[in-house]
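Here's the structure we're looking at; comments come further down.
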Amino acid sequence: MTRLVLVALSAPVALTILAGCVTKAEAPIVDMEGVDIVKYNRDLADCELSTPVVSLGSYLTKCMHEKGYKILLAR
């Protein structure tokens with residue numbers, strides 16, 4: 088019985104630790120001159136949703152650049 092409780096309690100702890108390792112990609116710094124903020128937020132959300140779980144380089148920066156934004160600082 089004690090072993091079952093120990094196993095049941097260790098699973099949430101392990102998941103919490105692993106969740107801390109997952110980081111959200113940071114958006115690049117974009118030149119906002121003449122940019123419609125609503126369109127920018129929509130495009131950024133679209134890029135975030137299409138970002139693969141594992142990617143080499145900054146996929147989010149590449150996606151925003153392909154949408155026509157002038158990237159000032161890639162992250």
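Convert by adding 87 to the 1-based position in the sequence shown; the result is the number in my numbering. C-beta: ideal position from N, C-alpha, C; glycine also.
Check whether residue i and residue j have beta carbons under 7 Å apart
| i | j | result |
| --- | --- | --- |
| A161 | S137 | no |
| K149 | D130 | no |
| A112 | L159 | no |
CA-to-CA distance, residue j to residue i, given in whole angstroms
| i | j | result |
| --- | --- | --- |
| D123 | A114 | 16 Å |
| G121 | H152 | 15 Å |
| M119 | Y156 | 8 Å |
| A132 | K126 | 10 Å |
Helix, strand or coil at residue i according to DSSP, with G and I counted as helix
| i | result |
| --- | --- |
| V125 | helix |
| Y146 | helix |
Buried versus exposed, by CB contacts within 10 Å (16 or more), residue i
| i | result |
| --- | --- |
| V117 | buried |
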